[in-house]
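Peer 1:
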Amino acid sequence: MRYFVGIDIGSTAIKISVADENKNLVGHKISASGSMFYKYAQEALAELLKELGIDESEVVYTVATGYGRKLFKEADENISEITANAIGAQQAAKSYGNIKTIINIGGQDSKAISLDAEGNVVNFAMNDRCAAGTGKFLDVVAMNLEIGVDELSDYHFKSKGTPLSISSTCAVFAESEIIGLLGNNHSVEDIVSGVHYSIAKRIVKLVKRVGVKENVYFDGGPALNDGLVSAIENELGHKIFVPEYPQITTSYGAAVLACDAFLSESAS
Amino acid sequence: MHTEHTIETSAERQNRHKAMEAISVINALREDFKSPIHSMGYFYDLFEKVYCHHQPLHEGKAKIGTMCIQIPSEIIYALDGVPIRLCNGFYTDDEIGGDLLPQKSCPLVKATVGWFASDNFSDKPDITFSPTTCDQKTKAGAIIESFGHTVIDVGFPRTKESEESRHYWRESVKSFAVKLSKFQGKKLTRSNLESAIKKVGYAQSLYHKLTEFRKNKAVPILGVDMFLVTNAFFFDKIDEWISAVEKLVVELEQRASEGVNVAGKASPRIVYTGSPPIFPNYKIPLIIEQSDAIIVADETCSSNRMFNDMVAVDEWNLYDMIDSVSDKYLKACTCPIFTQNDDRIRRIIQLVRSYNGDGVIYQAFAGCQVYEMEQRSVLAAMEKEGIPILYIESDYSPSQHGQLTTRVEAFIESLKNRKRMKK
Ligand code: SF4
Ligand code: SF4
């Protein structure tokens, strides 16, 4: 068998996806980037292949993406995460329909991508000025509220009162705002839903810059948070599609591209 | 795992946005300041009820929308209506209105238009009377009309010195009274107008009592709380407003006798003027009072200007009363839409003197021409009087909070320094 690897080296995590010749996802792995991400990336890849029972020689093409992509020298090719994200999203949502808009919330930034009918990236907008409204931001919130990140969603749906918006656009100030709210005995539920809606409002503003076209796809680790998903849906006013493994769309896109690149190369 | 959610309708979304705006201001008032006033609880709850939970207050009553303060509420009450003042302070509505009006328009006007465009009222007016004051308000009336709502212009003169304009306005008020009386199927009589004048006058007298306490060295009530109380008069049931303010007066008496001070010892005393703070756009007032200053008086149409002057009747005959009511809304008004407006300057100086103000903060909504233009003459007059003044231009968006805070803080610190130097 021939396999294709996409490796996405991000600021907080390394995501690896392996696809087969039909571009189906056969396995994936997420591990922390840490300080030596080149070394960690190699180790993670070796482990994943071992888990999947794939011999290294069966990997015929590797594409790297993400902000540390240039450091992964073994790659046959590297591409920007915008392109990889777009390719991965369309493949992952194949059964759902044609994706026109992608929302991606990463560990340290968030972006909105707009695609044309052929699936090419026509426009994108990024908010990378600070951690507000990113995965990091949610980590900080959860830590301040002394709950797990994976519990945020439950709290969101339990909120009965008015969501308490967080007005600070800076994660550092937001932290003190949240502590202030807690100090005044506001419920964790209302704070959590307020945080989600604050992020959702901001991301929807970003999406509106590139234009909202259906279908909308949402990925990145925070997409696992169903409360946030619902908040974004409410702010957008329509449904969004979240893939099964929202954290790995970009690496999956890289793997899909690896497959295409290899097949077109061997055809010529 | 991702589950199916029901998605809010756009009306639900707007209401949630408004609720989120409202609750953050209510919470700030409830929680961020020292020595909270027990009887303010009525007002916090009222705003929460209306703007977070969308509870109507006036079911079964005719709701008479008014734009600006010049439409006499005495006549509306006499004819058994409830005045609903449509000056709006929500950023949510401002954004909606922004799509229908020029981007550079006044946020207050955009928010009022946005309110009608989204139709998200807890008490929707049945008819609206719009005095032809500033251009933007006047044009907004026509836009609101195009949404299928009835808006009736009430001719308002742009000068108040001449006998002609006084005559013109008195006729306008009469014709307003006739139209409203037809709409309500009820006659304006000597007795119903007299009791309405007395009731509104009593409400005003309560407001005056509240302001007296603010002259004290130890100020027992925040300026933002005062704005909330006066803003509640825009839509509350008048009898309940009156009894809530009566309780407030009693509590302030108690606090004044105990020397309770909501400000710090060195807090500069600010007289606030300019475009009106309207709930929940308390951006500048909140920054001021969170920056260790205290608003002791204001000259705005959402508070002092609305309550300052009372109807002065000498003969309790119907037509005399109507003329007296008219005069109060024209002669006493210090709105900058008037061509000559020395009254406003005089009023500000008088407030600084009688409330022992250390400085004036003047806010103009970006896009409000009259306040922006009149800024120069007010600044010059204050300079002549040796009164420090800060001029700020702002809108409803929450975004410039940091920059505005820095400017206000710097001004307040300079006032503190001046005070120390004087000693
Ligand atoms: S400033 Fe004058 S014209 Fe403008 S809202 Fe107030 S009363 Fe109306
Ligand atoms: S703030 Fe200015 S433009 Fe806006 S309504 Fe008042 S007078 Fe008109």
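Sequence lines, in order, name chains A and B.
Numbers 4 to 271, taken from my numbering, label the letters of the first sequence in order.
Numbers 146 to 568, taken from my numbering, label the letters of the second sequence in order.
The beta-carbon is built from N, C-alpha and C at its ideal position, and this holds for glycine as well.
Computed from a predicted model, the values in this text were never measured in an experiment.
Please list, in chain order, the chain B residues whose beta carbon lies closer than 7 Å to that of Thr165/A.
Peer 2: Ala164, Met165, Ile168, Cys197
Peer 1: Return the residues of the stretch 188 to 203 of chain A that lie within a Cβ-Cβ distance of less than 8 Å from chain B, sorted by chain order.
Peer 2: His189, Gly197, Tyr200
Peer 1: Chain B beta carbons: is any one of them nearer than 9 Å to that of Lys139/A?
Peer 2: no
Peer 1: Under 9 Å, CB to CB, which of the residues in the stretch 521 to 544 of chain B have a partner in chain A?
Peer 2: Pro543, Ser544
Peer 1: Going by DSSP, what residue range makes up the alpha helix (DSSP H) through Gln45/A?
Peer 2: 40 to 55
Peer 1: If you measure from the CB of Lys282/B, is any heavy atom of ligand 4 nearer than 8 Å?
Peer 2: In the structure on display, ligand 4 does not appear, and the ligands it does have are ligand 1 and ligand 2.
Peer 1: Which value, in whole angstroms, describes the spacing of the CA atoms of Glu444/B and Phe379/B?
Peer 2: Spanning the two alpha carbons is a distance of roughly 17 Å.
Peer 1: When you compare the CB positions of Leu235/B and Leu367/B, do they come within less than 9 Å of one another, or not?
Peer 2: Correcting the residue identity first, residue 235/B is Phe in this sequence and not Leu. Annotated as distal: Phe235/B and Leu367/B, with beta-carbon spacing of 9 Å or more.
Peer 1: Interface residues of chain B around His241/A at Cβ under 9 Å?
Peer 2: Chain B residues near His241/A: Ile152.
Peer 1: Could you tell me whether the stretch 327 to 337 of chain B touches the stretch 450 to 459 of chain B, using the rule of 3 or more Cβ pairs below 8 Å?
Peer 2: no
Peer 1: To the nearest angstrom, how far is the alpha carbon of Leu397/B from that of Leu496/B?
Peer 2: 20 Å
Peer 1: Taking CB distances under 9 Å as the criterion, tell me whether Asn426/B reaches chain A.
Peer 2: no
Peer 1: When DSSP labels each residue in this structure, what does Arg414/B get in the three-state scheme?
Peer 2: strand
Peer 1: Buried or exposed, going by whether 16 or more other CB atoms sit within 10 Å of the CB of Phe424/B?
Peer 2: With 16 or more other Cβ atoms from the protein chains shown falling within 10 Å of its own Cβ, Phe424/B counts as buried.
Peer 1: Can you find the residues in the same chain that come closer than 8 Å, C-beta to C-beta, to Glu573/B, ignoring five residues on each side of it along the sequence?
Peer 2: An answer regarding residue 573/B cannot be provided, because it is not within the stretch 146 to 568 covered by chain B.
Peer 1: For Asp488/B, which residues of its own chain have a beta-carbon under 7 Å away from its beta-carbon, when the five flanking residues on both sides are left out?
Peer 2: Thr479
Peer 1: Shortest alpha-carbon distance to Gln215/B belongs to which of Gly547/B, Phe452/B, Glu530/B, Ser542/B?
Peer 2: Selected option, being the one with the closest Cα: Phe452/B.
Peer 1: Measure how close the beta-carbons of Pro413/B and Lys564/B come, nearest whole angstrom, since I'm counting them as under 8 Å.
Peer 2: 7 Å
Peer 1: With a 10 Å radius around its C-beta and 16 neighbouring C-beta atoms as the bar for buried, classify Thr151/B as buried or exposed.
Peer 2: exposed
Peer 1: Taking Cβ-Cβ distances below 9 Å as the criterion, which residues of the stretch 434 to 450 of chain B are in contact with chain A?
Peer 2: none
Peer 1: Between Leu231/A and chain B, is there a C-beta pair that is closer than 9 Å?
Peer 2: Closer than 9 Å to the CB of Leu231/A there is not a single CB belonging to chain B.
Peer 1: Count the other CB atoms within 10 Å of the CB of His31/A; is the residue buried (16 or more) or exposed (fewer)?
Peer 2: buried
Peer 1: Gln520/B: beta carbon under 8 Å from a heavy atom of ligand 2?
Peer 2: no
Peer 1: Closer than 7 Å by beta-carbon distance: list the chain A residues that pair up with Glu176/B, in chain order.
Peer 2: Asn187
Peer 1: Look at the alpha carbon of Gly404/B and the alpha carbon of Ser388/B, and state the distance between them as a whole number of angstroms.
Peer 2: 24 Å
Peer 1: Note down, in chain order, all residues in the stretch 170 to 184 of chain A with a beta-carbon under 7 Å from any beta-carbon belonging to chain B.
Peer 2: Ser170
Peer 1: Spell out a yes or no on whether the stretch 115 to 127 of chain A and the stretch 213 to 229 of chain A are touching, meaning 3 or more CB-CB pairs, one atom from each, closer than 8 Å.
Peer 2: yes
Peer 1: Out of curiosity, what's the CA-to-CA distance linking Ala128/A and Asn406/B?
Peer 2: Whole-angstrom Cα-Cα distance: 50 Å.
Peer 1: Can you find a CB in chain A that lies within less than 9 Å of the CB of Asn172/B?
Peer 2: yes
Peer 1: Distance check for Tyr6/A and Ile85/A, CA to CA, integer angstroms please.
Peer 2: 23 Å
Peer 1: When burial is assigned at 16 or more other CB atoms within 10 Å of the CB, is His159/A buried or exposed?
Peer 2: Buried.
Peer 1: Say whether chain B places a C-beta atom closer than 9 Å to the C-beta of Glu121/A.
Peer 2: no
Peer 1: Taking buried to mean at least 16 other C-beta atoms within 10 Å of its own C-beta, is Asn426/B buried or exposed?
Peer 2: buried
Peer 1: What does the Cβ neighbour count give for Ser38/A, buried or exposed, with the cut at 16 atoms within 10 Å?
Peer 2: exposed
Peer 1: Does Ser155/B come within less than 9 Å of chain A when only Cβ atoms are used?
Peer 2: yes
Peer 1: Can you round the beta-carbon distance between Ala411/B and Lys561/B to whole angstroms, since I take them to be within the 8 Å contact cut?
Peer 2: 6 Å
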